[in-house]
Amino acid sequence: MDFFQLAHACKSVICCRVSPSQKAEVVELVKSRSKAITLAIGDGANDVAMIQAAHIGIGITGVEGLQAACAADYTIAQFRFLVNLLFVHGARNYKRLVDVILYSFYKNICLYVIQVWFAFQNGFSGQILFEKWCIGFYNVFFTSAPPGSLGLLNFQCSKRSRLNIPTLYKDSQSRRHFNIKVFWQWAFNGIYHSLLLYWLPVFFFKHDAVFGTGQSGDNFFIGNIVYTFTVVTVCLKAALITTAWDFLTHIAIWGSILLWFVFLAIYSQVWKFVPFSAEMYGLANWIYSCPAFWLSLFLVPLACLLRDFVWTSLRRTVSPSLVEHVQEQELKNEDPSLYITLQYKRSKSQENIERTKMLTGMMVHDASSMGIVPPQQPAETRKDWLPPNSGFIDIECFVIDYQPEWVRSVQSVV
Amino acid sequence: MSSEGAESNQSRRPKNTAFRQQRLPAWQPILTAKSVLPIFIVIGVIFIPLGVVLVITSNNIVEVEIDYTDCTPVPGSSLLPTCKDMLKVDPKSSCRCDLQFEVPRDMTGPVVIYYGLTNFYQNHRRYVKSRDDDQLAGMARSLLELSDDCAPFKGINGTAILPCGAIANSLFNDSFTIFYSSNSVKVNWTKTNIAWDTDKSVKFKNPPDDYFNRTVKPPNWDVTVNKLDPEGLDNEDLIVWMRTAALPSFRKLYRRVTHEGVFKDNLPKGNYTLEVQYNYPTYLFAGRKRVYITNLSWMGGKNPFLGGAYLLVGSVSIVLFFVFLIVHMKFGTKQEALLGHPRY
């Protein structure tokens with residue numbers, strides 16, 4: 023067994039009396055030999071090498087100066103803030119980032135794939151269904167606030183729960199919400215929505231006689247109607263993803279939808295004053311006075327999002343994740359760890375058994391070679407110096423140092 | 018970051034506002050089977066009656082569709098068996114044909130006439146941009162000033178075309194007359210208010226009179242724009258045609274029936290004759306030509322899809338209500354037993 027395998031088998035490893043370059047070497051060893059993401063935290067100049075070698079370097083400002091803080095990716099004021107940094111801000115911001123990325127792909131797939139469906143009906147000539155500035159402003163004005171609120175303000179459960187239940191951190195570690203499969207699920211969802219968003223209005227408006235006064239529509243009439251439905255659907259999808267609604271979230275989502283309606287009304291008048299976008303002139307008057315438009319406005323986004331809504335609710339009822347359980351407990355003002363103790367009892371897994379065995383053997387060997395445990399003692403009594411509940415509490419610890427006095431003092435603690 | 022660090026410098030502390038410290042009060046909705054049950058019932062209760070109303074409204078509309086592409090010409094007006102063949106030989110010729118049709122029920126007013134084309138891609142990119150909106154709005158644009166998008170219908174022999182572009186050039190020029198067969202009464206109609214009023218008042222205006230002399234008509238037209246009926250760029254048929262349709266099969270509003278005399282309240286049930294002045298060649302794009310005679314409701318013409326979609330979504334919602342009820346019984350209550358308290 024080599025050094026890395028042994029170290030990797032331990033829950034924690036103490037390396038003492040190491041030089042700064044050796045600190046960096048330990049980090050690089052782990053980085054090169056395993057797929058783990060490494061985090062290094064330190065407060066002194068001697069930690070700079072280690073901080074920069076790790077994937078995430080954290081510097082603590084304070085007693086030993088600012089060198090570590092300057093070299094770090096994140097800086098905190100006290101060591102104990104590390105828990106908050108990881109479990110609260112780290113976990114929350116990871117989920118927020120994931121939501122923003124997946125949502126951004128989804129909303130753009132939704133809009134642009136509609137043009138693909140239209141291409142089948144315009145002889146693949148490249149005619150756009152929506153007006154060019156409406157397309158341009160889609161990501162700038164009408165659908166930029168929802169991912170903003172998802173990325174800045176959204177959260178699943180309270181800070182207290184995240185600190186008290188470290189198991190919640192596993193969600194981000196295991197990439198449960200952000201992997202290739204999830205990405206394609208979002209992409210296909212976007213394509214499915216784009217299908218409904220194009221074909222439903224086409225069926226409702228294709229006979230052209232949609233006004234009580236008999237006039238017929240045109241390309242940009244249907245185009246802006248489809249665009250309206252798209253903006254509404256995409257913003258409501260963000261609303262479905264949002265798990266925490268504060269007033270800014272409300273403004274972001276409803277405000278975006280309102281902004282489009284106002285923009286359409288204003289943009290439809292522009293050509294009278296400025297020689298620009300003649301094709302838009304008068305559209306708002308006709309769209310807003312069309313009963314079929316208002317009727318399908320209540321139908322089309324709902325039809326699109328019905329599947330999302332049903333799936334989310336059913337999945338949550340049938341097999342809720344830990345986060346969802348914690349959410350529910352919190353909202354009932356109950357202690358969320360109630361669920362943990364029922365479901366997540368620490369059990370002595372096979373892995374732990376193997377590790378304990380291997381470690382016991384190693385440590386006895388080393389200890390005996392150092393003259394701590396007499397080698398002639400029988401095997402069973404050699405385990406006396408392990409603490410009584412070691413299987414449950416896991417205090418496997420490998421000491422890399424050859425100062426006999428230091429080893430003895432550590433042993434007494436262990 | 019917690020603001021509890023007692024040793025940290027007071028001025029370097031982050032601001033302790035609800036927004037900065039992420040303490041904004043938030044509503045956290047829980048979407049489980051039980052909590053969303055009311056939503057499905059509400060949707061079902063609203064959508065199904067609405068769908069029924071829409072379907073009934075649509076069914077009450079009487080619509081007559083007449084495909085006259087292959088109509089036989091009246092004796093003497095053509096040498097070939099159909100008007101279509103005649104136009105194939107000589108696209109500039111005119112052919113007349115008569116068709117009989119029946120209105121199955123009394124068509125209560127207001128009654129309107131549409132013409133429809135199939136396989137005509139008014140939504141083709143090159144076609145849609147082939148116009149000059151400034152010229153149409155009344156600016157006297159010379160050949161050089163005209164938009165290049167109008168090409169190849171920009172000018173002939175150095176003279177600008179009015180109105181330029183492929184859209185104007187392909188103006189639909191079939192005309193119709195309808196007679197009520199029982200006493201050969203002609204159905205009168207108007208062509209006011211068939212175009213969008215926003216188009217007519219702003220986008221289409223006549224240029225100064227002398228501009229008409231400096232321009233020529235588009236190649237496919239029989240007369241110049243100031244000889245149209247009514248004359249000028251604000252001819253509503255032209256305006257309606259220039260509103261390019263979104264799909265290859267489309268309808269455009271042709272006329273509004275004037276409700277007077279026999280047709281005061283409705284177009285009575287019975288036999289009618291449609292006289293077509295067949296000018297528009299469709300063999301080039303293998304399209305069909307149709308006339309639609311329909312009455313209008315508050316929703317417009319016949320639209321079974323909207324009502325049907327409402328009924329469908331409403332029924333799906335009711336079905337989902339029961340599905341969710343069963344799911345809640347089966348899974349929600351199981352977890353209640355485990356946790357010792359009700360699920361959300």
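Chains as they are written, first to last, in our numbering: chain A, 23 to 436; chain B, 18 to 361.
Think of the CB as a built atom: it goes at the ideal place given N, C-alpha and C, for glycine as much as any other residue.
Review point. Taking the beta strand (DSSP E) that residue 112/B falls in, what are its first and last residues?
Key: Its beta strand (DSSP E) spans residues 112 to 120.
Practice item. Under 9 angstroms between beta-carbons, which chain B residues line up against residue 153/A? List them in chain order, please. Key: Within 9 angstroms Cβ-Cβ: nothing; residue 153/A doesn't reach chain B, min ~11 angstroms.
Review point. Beta carbon of residue 307/A, beta carbon of residue 262/B: below 8 angstroms?
Key: Judged by beta-carbon spacing, residue 262/B lies beyond the 8 angstroms limit of residue 307/A, meaning their Cβ atoms are not closer than that value.
Practice item. State yes or no: is the beta carbon of residue 202/A nearer than 8 angstroms to at least one beta carbon in chain B? Key: By this cut-off, residue 202/A is not an interface position.
Review point. When Cβ atoms are compared, which residues of the region 308 to 340 of chain A fall closer than 9 angstroms to chain B?
Key: Result list: 308, 312, 313, 314, 317, 318, 320, 321, 322, 324, 325, 328, 331, 332, 334, 335, 336, 338, 339, 340.
Practice item. Report the neighbours of residue 45/B on chain A: residues whose CB is nearer than 9 angstroms to its CB, in chain order. Key: Here the neighbours are 177, 178, 179, 265, 266, 267, 349, 352, 353.
Practice item. Output the distance between the C-alpha atoms of residue 239/B and residue 158/A, rounded to the nearest integer angstrom. Key: Their backbone Cα atoms lie some 42 angstroms apart in a straight line.
Practice item. Give the interface partners of residue 345/B over in chain A, defined as CB-CB distance under 7 angstroms, in chain order. Key: Simply 339.
Exercise for review: Apply the 10 Å Cβ neighbour rule to residue 58/B and answer buried if 16 or more other Cβ atoms are within range, or exposed otherwise.
Suggested key: By the neighbour-count definition (other C-beta atoms within 10 Å, threshold 16), residue 58/B is an exposed residue.
Review point. What residues in the region 105 to 130 of chain A have a beta carbon less than 7 angstroms from any beta carbon of chain B?
Key: Listed in sequence order: 106.
Exercise for review: State the Cα-Cα distance for the pair residue 233/B and residue 298/A, rounded to the nearest angstrom.
Suggested key: Distance from the CA atom of residue 233/B to the CA atom of residue 298/A, rounded to whole angstroms, is 27 angstroms.
Practice item. Find the residues of chain A that neighbour residue 315/B, judging by a C-beta separation of less than 8 angstroms, and give them in chain order. Key: Going along chain A in sequence order, the residues near residue 315/B (Cβ under 8 angstroms) are 234, 313.
Point to revise | Against chain A: residues of the region 140 to 161 of chain B by CB proximity under 9 angstroms | key: Across the region 140 to 161 of chain B, CB contacts with chain A closer than 9 angstroms involve 140, 141, 142, 143, 144, 145, 146, 148, 150, 151, 153, 154, in sequence order along the chain.
**Study point:** Local conformation of residue 51/B per DSSP, three classes
**Key:** Residue state, collapsed to three classes: helix.
**Study point:** Exposure of residue 30/B, with buried meaning 16 or more beta-carbon neighbours within 10 Å
**Key:** It is exposed - the Cβ of residue 30/B has fewer than 16 other Cβ atoms within 10 Å.
Practice item. Identify whether residue 237/A lies in helix, strand or coil by the three-state DSSP scheme. Key: The answer is coil: DSSP assigns residue 237/A none of H, G, I, E or B.
Check your understanding: Among 244/A, 273/A, 265/A, which one has its Cα closest to the Cα of residue 348/A?
Key -> Nearest of 244/A, 273/A, 265/A to residue 348/A, Cα basis: 265/A.
Check your understanding: What separation, rounded to the nearest whole angstrom, lies between the Cα atoms of residue 211/B and residue 205/B?
Key -> Each residue's Cα considered, the two are about 15 angstroms apart.
Review point. Would the beta-carbon of residue 115/B fall within 8 angstroms of that of residue 146/B?
Key: No. Outside cutoff.
Point to revise | chain B contacts from the region 226 to 250 of chain A (Cβ-Cβ distance under 9 angstroms) | key: Using a CB distance below 9 angstroms, the part of the region 226 to 250 of chain A facing chain B consists of 226, 227, 228, 229, 230, 231, 232, 233, 234, 235, 236, 237, 238, 239, 240, 241, 242, 243, 244, 245, ordered along the chain.
Review point. According to DSSP, is residue 317/A helix, strand or coil?
Key: Residue 317/A falls in the helix class under three-state DSSP.
Point to revise | Contact with chain B by residue 149/A, beta-carbon distance below 8 angstroms | key: Using a Cβ-Cβ cut-off of 8 angstroms, residue 149/A counts as an interface residue toward chain B, since at least one Cβ of chain B sits closer than that to its own.
Review point. Going straight from the alpha carbon of residue 310/A to that of residue 316/A, what length do you get?
Key: Note on geometry: alpha-carbon atoms of residue 310/A and residue 316/A lie some 8 angstroms from one another.
Review point. Around the Cβ of residue 88/B, are there at least 16 other Cβ atoms within 10 angstroms (buried) or fewer (exposed)?
Key: Classification for residue 88/B: buried.
Point to revise | Neighbouring residues, chain A, relative to residue 323/B (Cβ below 9 angstroms) | key: Here the neighbours are 225, 226, 314, 317, 318, 321.
Practice item. Give the range of the alpha helix (DSSP H) segment to which residue 118/A is assigned. Key: Note, residue 118/A: alpha helix (DSSP H), 113 to 141.
Practice item. Determine the closest residue to residue 363/B out of 237/B, 294/B, 309/B, 338/B, with distance taken between C-alpha atoms. Key: A question about residue 363/B goes unanswered here, because the residues of chain B that appear run from 18 up to 361.
**Study point:** Uninterrupted alpha helix (DSSP H) stretches inside the region 108 to 194 of chain B (no shorter than 4 residues)
**Key:** Runs of the alpha helix (DSSP H) inside the region 108 to 194 of chain B: 142 to 145, 150 to 153, 183 to 186.
Practice item. Could you tell me how far apart the beta carbons of residue 317/B and residue 233/A are, in whole angstroms, since I believe they sit closer than 8 angstroms? Key: Indeed they touch by this definition, with Cβ atoms about 5 angstroms apart.
**Study point:** Of the residues 52/B, 37/B, 63/B, 45/B, the one placed nearest residue 331/B, counting alpha carbons only
**Key:** Measuring from the Cα of residue 331/B, the nearest candidate turns out to be 63/B.
Exercise for review: Tell me whether the beta-carbon of residue 235/B lies closer than 8 angstroms to the beta-carbon of residue 157/B.
Suggested key: It is not a contact, given that the beta carbons lie outside the stated cut-off.
Check your understanding: Taking buried to mean at least 16 other C-beta atoms within 10 Å of its own C-beta, is residue 98/B buried or exposed?
Key -> Its Cβ having fewer than 16 others within 10 Å, residue 98/B is exposed.
Review point. For residue 194/A, which option in 109/A, 81/A, 162/A, 327/A has the closest C-alpha, if you only look at C-alpha atoms?
Key: Cα-wise, what sits closest to residue 194/A is 109/A.
Practice item. Could you tell me the distance, in whole angstroms, from the CA atom of residue 254/B to the CA atom of residue 259/A? Key: Near 43 angstroms, if we compare the C-alpha coordinates of residue 259/A and residue 254/B.
Review point. Pick from 313/B, 333/B, 349/B: whose alpha carbon is nearest that of residue 74/B?
Key: Ranking the options by Cα distance to residue 74/B, first place goes to 313/B.
Check your understanding: Just checking, does the region 241 to 255 of chain A make contact with the region 276 to 290 of chain A on the three C-beta pairs under 8 angstroms criterion?
Key -> Output reads yes: the region 276 to 290 of chain A touches the region 241 to 255 of chain A.
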